[in-house]
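J.: Each residue of the sequence shown is one higher than the last, beginning at 439 in my numbering. Even for Gly, the Cβ is constructed at its ideal location relative to N, Cα and C.
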Amino acid sequence: MIGRDGQQRYHVILLAVLFFTSVFQASTLMAHASAPSGKYFDHVVTILMENNDLPSVLAEGPYQAGLANQYTLAKGYSAVSHPSEPNYAAIISGQIGVNKDDGLCCGQDNHQNLADNLESHGLTWKAFAEDLTTGDCTGGRIDTDHFPFLYFSDITSSPSRCNSLVGATASSDPELIAVLNAPSNWPNYVWLTPNATNDAHDRSIAFGDTYLAGIVPKILGSNVFKTQRSALFIVYDEGNDGACSSGGPDCVYASWSGPTAKKGFTSSTAYTHYSYLHTIEDNWGLPTLTSDDAGAPVMSEFFTGYNDSGSVGILQYWPVLLILVGVVAAAIIIAVKIMPASKRRRQRGS
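#1: Within 10 angstroms of the Cβ of Pro586, are there 16 or more other Cβ atoms? Answer buried if so, exposed if not.
#2: By the DSSP assignment, the alpha helix (DSSP H) with Ala503 in it spans what residues?
#3: Take every Cβ of the region 510–524, pair it with every Cβ of the region 613–625, and state whether three or more of those distances are shorter than 8 Å.
#4: Tell me whether the beta-carbon of Cys682 lies closer than 7 Å to the beta-carbon of Ser516.
#5: Quick one: Cα of Asp583 to Cα of Glu523, how far?
#6: Hey, would you say Cys543 sits closer than 7 Å to Leu588, going by beta carbons?
#7: Return yes when at least one heavy atom of the ligand ATP lies under 6 Å from the C-beta of Leu603, else no.
#8: Counting pairs of beta carbons, one from the region 588–606 and one from the region 543–555, are three or more of them closer than 8 Å?
#9: Let me make sure I understand the geometry here. Which of Thr484, His711, Gly652, Asn721 has the alpha-carbon closest to that of Ala608?
#10: Quick one: what's His481 bridged to in DSSP?
#11: On the three-state DSSP scale, how would you describe Cys600?
#12: Does DSSP put Gly646 in a helix, a strand or coil?
#13: When the distance is taken between beta carbons, is Glu488 closer than 7 Å to His711?
#14: So is Arg579 buried or exposed if we call it buried at 16+ other beta carbons inside 10 Å?
#15: Relative to the C-alpha of Ile529, which residue among Tyr649, Thr726, Ser558 is closest?
#16: How would you write the range of the alpha helix (DSSP H) that Val628 sits in, first residue to last?
#17: Which stretch, first to last residue, makes up the alpha helix (DSSP H) that contains Trp722?
#18: How many angstroms separate the CA atom of Glu568 from the CA atom of Ser610?
#19: Helix, strand or coil for Phe740? Go by DSSP, reduced to three states.
#20: Quick check on the burial criterion: 16 or more other C-beta atoms within 10 angstroms. Buried or exposed for Gly535?
#21: Residues in its own chain within less than 6 Å of Gly476 by CB, not counting five upstream and five downstream?
#22: Quick check: what's the CA-CA separation for Thr576 versus Asp730?
#23: Between the alpha carbons of Trp629 and Thr635, how many angstroms are there, rounded?
#24: Apart from the five residues just before and just after His470, which ones in its own chain have a Cβ nearer than 6 Å to its Cβ?
#25: Below 7 Å between beta carbons: does that hold for Phe740 and Lys701?
#26: Let me know the secondary structure DSSP gives Thr582 once reduced to three states.
#27: With C-beta atoms as the reference, is Ser713 less than 7 Å away from Pro735?
#28: With 16 as the cutoff for other CB atoms within 10 Å, does Ala644 come out buried or exposed?
#29: Return the chain-ordered list of same chain residues with a C-beta closer than 6 Å to the C-beta of Phe671, the five sequence neighbours on each side being excluded.
#30: For the alpha helix (DSSP H) that contains Thr594, what are its first and last residues?
#31: So, under 8 Å CB-CB, Val690 and Leu486 are touching, yes? Tell me the CB distance rounded to an integer number of Å.
#32: Distance check for Leu724 and Ile718, CA to CA, integer angstroms please.
#33: Just list the residues that DSSP pairs Lys513 with in beta bridges.
#34: Using a Cβ-Cβ cutoff of less than 6 Å, which residues in the same chain neighbour Pro625 once the five nearest sequence positions on both sides are dropped?
#35: Do you know how far the Cα of Ser738 is from the Cα of Phe663?
#36: Are Phe479 and Arg599 close, meaning C-beta to C-beta below 7 Å?
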């Protein structure tokens, strides 16, 4: 039979076990609860198409026209320059870098870029390119000017970052779809550069449209899109119609889709590639990279709503609070049991 002193020691040990167990569980839940959450989406996939203006895409790309009709269309979205390369640089670094297609590769640009911004704020990313060899920061067989992650020296000089550059097998891109269908641990930011055939650079708009008609339903039907706050953005790097209501060089097809995007929504607001970058930054509270993205309007109107971190802050930690409340309650119960016994022993001793 356990004596009073033994019972007291038992209760103290029990309290210690409860305390350290709760600390471990709370720290685990805190890590999960504090995973980055965005205003408009928690995960985003971006697909870059090539060299066609908005009117042509809507006229000759029935799948893209239908997707925009079902979800959203930014009718005033413009490229920022010509030819392709400066637009790609602008999209992920907020500056055009060069005004020529010289196949900038690899690591010739030392500007801060989106990968820097994402990683420094605990966000994960993967950039897929059709026909790329995974981890190959030399570009290999791909059109390097269409894959801007190869432009930047702090990406190409880093083995871990090079491993985030992933090859995708054209035209079904199973590597991309496998990542999106994973049970968990999806990248926050995903980029896809189709090859020069599928992105309509070397073939017709109709050919590129057929490619998108095959890959987009797989993306929208993937696990991360069915279970998480996810968004898909499809945009062309530049067009050739020579005029745009936004004042840029040309209007291009730009459409947000997925569970967090509005349905049947069209806007004529003037946006550019800098707006896309600013939207990504605003979504996760990232600092802007240059004055160009800082001054570009955010594309918030295309989303059904957003997480106000102030309103959800305490609620996201409720499991942690529940554990801590339980520990405090257990401590009080044990203290109530121990203290009277100790008091009685002191009274007998006197």
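T.: In short, the structure shows the following:
#1: Residue 586 sits at position 148 when you count from the first residue of the sequence shown. Classification for Pro586: buried.
#2: Numbered from its first residue, the sequence shown carries residue 503 at position 65. For Ala503, the uninterrupted alpha helix (DSSP H) run begins and ends at 500–508, by DSSP.
#3: Contact fails: fewer than three Cβ-Cβ distances are below 8 Å.
#4: For this step, residue 682 is matched to residue 244 along the sequence shown. For this step, residue 516 is matched to residue 78 along the sequence shown. In contact: Cys682 and Ser516 (Cβ atoms closer than 7 Å).
#5: By 1-based counting over the sequence shown, the position of residue 583 is 145. By 1-based counting over the sequence shown, the position of residue 523 is 85. Rounded to the nearest angstrom, the two C-alpha atoms are 5 Å apart.
#6: Here the question's residue 543 lines up with position 105 in the sequence shown. Here the question's residue 588 lines up with position 150 in the sequence shown. Their beta carbons are under 7 Å apart, which means Cys543 touches Leu588 by this criterion.
#7: The ligand ATP is not part of this structure, which contains no ligands at all.
#8: yes
#9: Your numbering for residue 608 matches position 170 in the sequence shown. Comparing Cα positions, the closest option is Gly652.
#10: Reading the sequence shown from its first residue, position 43 is the one you call residue 481. Looking at the DSSP assignment, His481 forms a beta bridge with Ser668.
#11: Reading the sequence shown from its first residue, position 162 is the one you call residue 600. In the structure shown, Cys600 sits in a helix (DSSP, three-state: H, G or I).
#12: For the purposes of this step, residue 646 is taken as residue 208 along the sequence shown, with counting starting at 1. DSSP places Gly646 in helix when its eight states are reduced to three.
#13: One-based indexing of the sequence shown puts residue 711 at position 273. One-based indexing of the sequence shown puts residue 488 at position 50. Cβ atoms of His711 and Glu488: not closer than 7 Å.
#14: Within the sequence shown, numbered from 1, the residue matching residue 579 stands at position 141. Exposed is the call here.
#15: Looking up residue 529 in the sequence shown gives position 91. The option with the nearest alpha carbon to Ile529 is Thr726.
#16: The residue given as residue 628 occupies position 190 in the sequence shown. First-last for Val628: 627–631, but that is the beta strand (DSSP E), not the alpha helix (DSSP H).
#17: As a first step, residue 722 must be located in the sequence shown, where it is residue number 284. Element bounds for Trp722: 711–722.
#18: Sequence index remark: in the sequence shown, residue 568 carries index 130 (1-based). Sequence index remark: in the sequence shown, residue 610 carries index 172 (1-based). Their Cα atoms are separated by approximately 10 Å.
#19: Position 302 of the sequence shown, counting from 1, holds the residue named residue 740. Three-state DSSP puts Phe740 in a helix.
#20: The residue given as residue 535 occupies position 97 in the sequence shown. So Gly535 ends up on the buried side.
#21: Position 38 of the sequence shown, counted from the start, is the residue given in the question as residue 476. Answer for Gly476: Asn721, Trp722, listed in chain order.
#22: Indexing the sequence shown from 1 puts residue 576 at position 138. Indexing the sequence shown from 1 puts residue 730 at position 292. Using only the alpha carbons, I get a separation of about 29 Å.
#23: Numbered from its first residue, the sequence shown carries residue 629 at position 191. Numbered from its first residue, the sequence shown carries residue 635 at position 197. So the alpha carbons of these two residues sit roughly 17 Å apart.
#24: Within the sequence shown, numbered from 1, the residue matching residue 470 stands at position 32. Only weak support is given to the placement of His470: the predicted model assigns it a pLDDT of 43, under 50, and the value that follows is read from those uncertain coordinates. Counting only Cβ-Cβ distances below 6 Å, and skipping sequence neighbours, we find nothing.
#25: Against the sequence shown, residue 740 aligns to sequence position 302. Against the sequence shown, residue 701 aligns to sequence position 263. Result no, Cβ atoms of Phe740 and Lys701 do not sit closer than 7 Å.
#26: Residue mapping note: residue 582 aligns to position 144 of the sequence shown, counting from 1. Thr582 falls in the helix class under three-state DSSP.
#27: Sequence index remark: in the sequence shown, residue 713 carries index 275 (1-based). Sequence index remark: in the sequence shown, residue 735 carries index 297 (1-based). Taking 7 Å as the cut-off, the Cβ atoms of Ser713 and Pro735 count as close.
#28: Here residue 644 corresponds to residue number 206 of the sequence shown, with the count starting at 1. The residue in question, Ala644, is exposed, as its Cβ has fewer than 16 Cβ neighbours within 10 Å.
#29: As a working mapping, residue 671 is identified with position 233 in the sequence shown. Here the set comprises Thr484, Trp694.
#30: The count along the sequence shown starts at 1 and reaches residue 594 at position 156. In the DSSP assignment, Thr594 falls within the alpha helix (DSSP H) that extends over 591–594.
#31: Position 252 of the sequence shown holds residue 690. Position 48 of the sequence shown holds residue 486. Contact doesn't hold; Cβ gap of about 10 Å is too wide.
#32: Residue 718 sits at position 280 when you count from the first residue of the sequence shown. Residue 724 sits at position 286 when you count from the first residue of the sequence shown. Taking the straight line joining both Cα atoms gives about 8 Å.
#33: Here residue 513 is taken as the residue at index 75 of the sequence shown, counted from 1. In DSSP, Lys513 forms no bridge with anything.
#34: Mapped onto the sequence shown, residue 625 falls at position 187. Once the five neighbours on either side are set aside, the close Cβ partners of Pro625 are Thr562, Trp563, Lys564.
#35: Counting from 1 along the sequence shown, the entry for residue 663 is found at position 225. Counting from 1 along the sequence shown, the entry for residue 738 is found at position 300. Whole-angstrom Cα-Cα distance: 19 Å.
#36: To locate residue 479, count along the sequence shown from 1; it is residue 41. To locate residue 599, count along the sequence shown from 1; it is residue 161. By the CB criterion at 7 Å, Phe479 and Arg599 fall outside the cutoff.
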